[in-house]
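Q: Right, I'll just put the structure down here and ask away after.
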Amino acid sequence: MTFMGIFSGFGVGFANKGYAVSATLVCGMFLGSGLWWLALASVTATAGRHLNYRFTAKINIVTGTVLSLFGIWALGSGLYCIG
Numbered sequence: 008m009t010f011m012g013i014f015s016g017f018g019v020g021f022a023n024k025g026y027a028v029s030a031t032l033v034c035g036m037f038l039g040s041g042l043w044w045l046a047l048a049s050v051t052a053t054a055g056r057h058l059n060y061r062f063t064a065k066i067n068i069v070t071g072t073v074l075s076l077f078g079i080w081a082l083g084s085g086l087y088c089i090g
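The opening position of the sequence shown corresponds to residue 8 in the working numbering, with each subsequent residue numbered one higher.
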């Protein structure tokens with residue numbers, strides 16, 4: 008859905024620019040996305056090798072707490088809208 012909004016913002020599908028422009032945009036999005044995930048996975052793997060178990064456990068606790076709080080907030084917001 009996000010890419011549909013991006014593509015429509017670039018005018019893909021609304022003007023007769025040809026298949027080459029659309030293919031270039033799609034390939035660019037695919038390659039950019041692939042490079043982003045490759046870089047993200049590489050940095051994460053490198054950082055994971057250099058972190059000890061205690062620090063990783065603390066990160067897990069903090070992120071789990073934050074995600075739980077967001078979930079409680081979303082649930083409360085949904086129940087408030089219903090009631």
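Backbone N, C-alpha and C define an ideal beta-carbon position, used for all residues, glycine too.
In whole angstroms, what separates the C-alpha of Arg61 from that of Leu82?
A: 31 Å
Q: Helix, strand or coil for Asn67 per DSSP?
A: helix
Q: Would you tell me roughly how many angstroms separate the C-alpha atoms of Met36 and Trp43, rounded to the nearest one?
A: 10 Å
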